[in-house]
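Working notes for the structure below.
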């Protein structure tokens, strides 16, 4: 057991493995991977190319092959399964659950998909076809069809017998769902209660009735929120008639949460495509360009704007010294404000303060920060530059910038959210660029007025 | 069932509830919350003050009270339970699991903690004392002591009998752990296998032996990675002797993942304390100041640095026009680079490319972006300003800034990670401030050399 947890990819092992691959030393490959978990084999295969990886997989038990392919991230898998023949895909997919099978089929070209679909075991084919009609990011697209359900009028003994029958197709189950004669979900009975209950009781007596369910059309983020809020390890999915059609387990939701966090981080850092460090140089370049271009456009507008004040700048060059300070502070304040809002939008505890109350608070925080920073900068400027008038201009502008940037940082994510965009967008280069221009405008108008 | 999922906080309901509270209309309070889930009651109570909330809680069943208090976030709870008497805390904590009980006890002042501890049920007290010695962010601090374990030499029937006995103290269990005579973990048997197996088999025949476990001292992030990697819904915790001491469930890990994502976002947006929008104005102000001060210090250094070139600026004022463009691009590139690195540090699939290969790729991407942007800006400047020499300076500086900022953005998170800091720190104001100064330096030296 110990060694499984601590299976580590040493450079020596990778090199030895490469040698075995080059020499087609099948027995080494098979033996060295015998007790290794699929996730660890996956990590190992990242070191080799697609053909080598397939060569290794072909030597492994079918279930392990399927588990490894199933765990690949989408981009990697789309490329990898191109080298598979439809008949190979059929036997692999036949060992998977319906939700995972549907995910892989969704990634295949339509012609291959039809061919693979037609070769699947009838029951699985039926389930997969039912799942393929849902978008990936709704409850219907996350759910699996495999579940254990019993009628509410069975006894505990009959129920256990029924579970035995159904359990063959479901290898991991958390709960047994209870439905009525029209297949409408009425509750859930835990294995624990079945195991510890009197065998002659009727299921409806021991089943828990007020359970949480989700509907097929709910978004994956809503499902994640519900499962997190109510601490659920699995949740049944019902259609509009309330009939039980599938179930979603917490591991799928962990993936949703992780992906969302990654997406937020990318939006915040101005990367426009889902890109990873090991993607190609070209893709990495392309993913970064859009936001950089927006920044450049903002920069050119800044330059054009400062051009309007050329005479003033020529007269008092020192005005230019403080544009970085004003702009950096505006950017920092804007990102802080938007980040706090994004977080409270994600936190459903927060409901009632009301738009104006929130705004009032934002202004109060901004005023306090602005006053403190302005006073500080005024003092520092007196010491460092000793130009009283300019110090005054910088401080007044800094105060205004802090207040305005807070406002923009607060309102932008709220507006984005209202119109259905991810509010995290507002913590990225978009708000930085806006705040740069805003800061410059305030600063130069202040200097124009006061000097 | 339906209405439970859709319990919504309407303004009308909150107002009606407030009225009931003011009039001490206990029957309305009790009836309106009768079938509402704890998480929904929690959301409702966010609208009221501590004394009102406690008044409501006191009317609810003890289990519901405990569930609500258990689900509060740490800051809210620390404040809220101040108004509870030790005897009240004792009866609430007695209904909780050991891990949750330990979390709450950890938040109490030492004197109250001792008093509450001494009043707990002996078994729970014993378990909690054992848990209190672990830090919150290691496996030992995450685990619960409640679990079902059986000896490997029992038959299925004896095992079910044993589970019945133990099940009373564990209300949600995923697996039954199998230990040998020295209490060392040897495997796991699923309820499903117990339910569907021949009753006369011995546990060691049907138990799964190569299971993943974690050790008490592992960090919570390692535990989260392992559970995510191997798709586990629960994981047993063993001590250094391999003895089974507890178990961690996926819902605890979902919290770890969510908190980590939030912490990353706060670091990236320059908020130095764990702060939420509904915290006090003062706390919101204080959480923002440190990074703003760093930005201000950077801004003053920028100003001082530009002062060195005062004569040049007075001669060619237009140089100043492009500092925002240079600095914003440097900042954007730096954050993009660090974000990609932070992501691949979080993604354990990535192991072998090696430091120099990564750096080479970063440079290539930077060169491509830099060349493209410089050419574009050169063209734009020719059109907008028509000062060839200045356009050349801006483009050369821009190219250098893109390359340098990529380097800094790549290396900083790697260094932070090496020394045990959260690499997401490098995507925040720290790198922005550094890159601002870097960009300005490159730009002014370029202009000094070329004009």
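Protein chains in written order, with the working numbering: chain A, 24 to 474; chain B, 24 to 474. Where is the CB? At the ideal position from N, CA and C, for every residue including glycine. Only a predicted model underlies this, so the values are computations on that prediction, with no experimental measurement involved.
task = Sort out for me which residues DSSP pairs residue 238 of chain A with in a bridge.
result = For residue 238 of chain A, which the question treats as bridged, DSSP gives the partners A/261.
task = May I ask you to list, following chain order, the residues of the region 156-177 of chain A that have a beta carbon less than 8 Å from some beta carbon of chain B?
result = Answer in chain order: no residues at all.
ask   = If you measure beta-carbon to beta-carbon, which residues of the region 251-276 of chain B are closer than 7 Å to chain A?
value = 251, 252, 253, 254, 256, 273, 274
Sub-9 Å separation of residue 55 of chain A and residue 40 of chain A beta-carbons = Remark: C-beta atoms of residue 55 of chain A and residue 40 of chain A approach each other more closely than 9 Å.
message = I want to know whether the region 335-345 of chain B touches the region 332-352 of chain A - three or more CB-CB distances under 8 Å.
response = yes
request  = Give, in chain order, every residue of the region 33-66 of chain B whose Cβ lies closer than 8 Å to some Cβ of chain A.
outcome  = 34, 37, 58, 60, 62, 65, 66
ask   = Under the three-state reduction of DSSP, which class applies to residue 223 of chain B: helix, strand or coil?
value = Of the three classes helix, strand and coil, the one that applies to residue 223 of chain B here is coil, per DSSP.
inquiry  = Using a Cβ-Cβ cutoff of less than 6 Å, which residues in the same chain neighbour residue 259 of chain B once the five nearest sequence positions on both sides are dropped?
reply    = Here the set comprises 200, 208, 236, 267, 270.
key: residue 78 of chain A - containing alpha helix (DSSP H), residue span   = 73-81
For residue 254 of chain B, the nearest candidate out of A/61, A/287, A/53, A/43 (CA to CA) = Looking only at A/61, A/287, A/53, A/43, the smallest Cα-Cα distance to residue 254 of chain B is reached by A/61.
inquiry  = So for residue 472 of chain A, helix, strand or coil by DSSP?
reply    = helix
message = Residues of chain A with CB closer than 7 Å to the CB of residue 452 of chain B, please, in chain order.
response = 355
query = residue 97 of chain A touches chain B at which residues, Cβ-Cβ below 9 Å?
reply = Near residue 97 of chain A there are no residues of chain B at all, since even the closest Cβ is about 13 Å away, more than 9 Å.
request  = Quick one: which unbroken alpha helix (DSSP H) runs of 4-plus residues sit fully inside the region 404-455 of chain B? Chain order, please.
outcome  = 411-441
task = Classify residue 63 of chain B as buried or exposed, calling it buried when 16 or more other Cβ atoms lie within 10 Å of its own Cβ.
result = buried
inquiry  = Just verifying my parser: in three-state terms, what is the DSSP assignment at residue 293 of chain A?
reply    = coil
request  = List the endpoints of the continuous alpha helix (DSSP H) containing residue 66 of chain A.
outcome  = 61-68
query = With 9 Å set as the bound, which would you pick, yes or no: does the beta-carbon of residue 125 of chain A sit closer than that to a beta-carbon of chain B?
reply = no
inquiry  = Pairs of beta-carbons, one from the region 109-124 of chain A and one from the region 82-96 of chain A, closer than 8 Å: are there three or more?
reply    = yes
query = Going straight from the alpha carbon of residue 379 of chain B to that of residue 66 of chain A, what length do you get?
reply = Cα-Cα distance, rounded: 21 Å.
key: Interface partners of residue 190 of chain B on chain A, CB under 7 Å   = 215, 219
request  = Please classify residue 240 of chain B: is it buried, with 16 or more other beta-carbons within 10 angstroms of its beta-carbon, or exposed?
outcome  = So residue 240 of chain B ends up on the exposed side.
query = How would you label residue 169 of chain A, buried or exposed, when you count the other beta carbons within 10 angstroms and need 16 or more for buried?
reply = buried
ask   = Taking Cβ positions, are residue 454 of chain B and residue 354 of chain B nearer each other than 9 Å?
value = yes
ask   = Three or more C-beta pairs closer than 8 Å, one from the region 220-228 of chain B and one from the region 170-182 of chain B: is that the case here?
value = The region 170-182 of chain B and the region 220-228 of chain B touch, with three or more beta-carbon pairs separated by less than 8 Å.
key: Length of the line joining the Cα atoms of residue 428 of chain A and residue 462 of chain A   = 8 Å
task = Please determine, among A/153, A/325, A/357, the residue with the shortest C-alpha to C-alpha distance to residue 294 of chain B.
result = A/357
request  = With DSSP collapsed to three states, give me the class of residue 215 of chain B.
outcome  = helix
query = What residue range is occupied by the uninterrupted beta strand (DSSP E) comprising residue 482 of chain B?
reply = The question about residue 482 of chain B has no answer here: the residues shown for chain B are numbered 24 through 474.
Segment limits, alpha helix (DSSP H) that includes residue 134 of chain A = Counting along the chain, the alpha helix (DSSP H) containing residue 134 of chain A begins and ends at 133-142.
Of the listed residues B/129, B/206, B/234, B/346, nearest to residue 250 of chain B (C-alpha basis) = In this structure, B/234 is the residue among B/129, B/206, B/234, B/346 with its C-alpha nearest to the C-alpha of residue 250 of chain B.
query = Using DSSP with H/G/I as helix, E/B as strand and the rest coil, what is residue 200 of chain B?
reply = Per DSSP, reduced to three states, the secondary structure at residue 200 of chain B is strand.
task = Give the DSSP-derived three-state secondary structure of residue 255 of chain A in the structure shown.
result = Coil at residue 255 of chain A, not helix or strand.
request  = Can you tell me which of the three DSSP states residue 178 of chain A falls into?
outcome  = strand
Chain A contacts from the region 408-436 of chain B (Cβ-Cβ distance under 9 Å) = 408, 417, 421, 425
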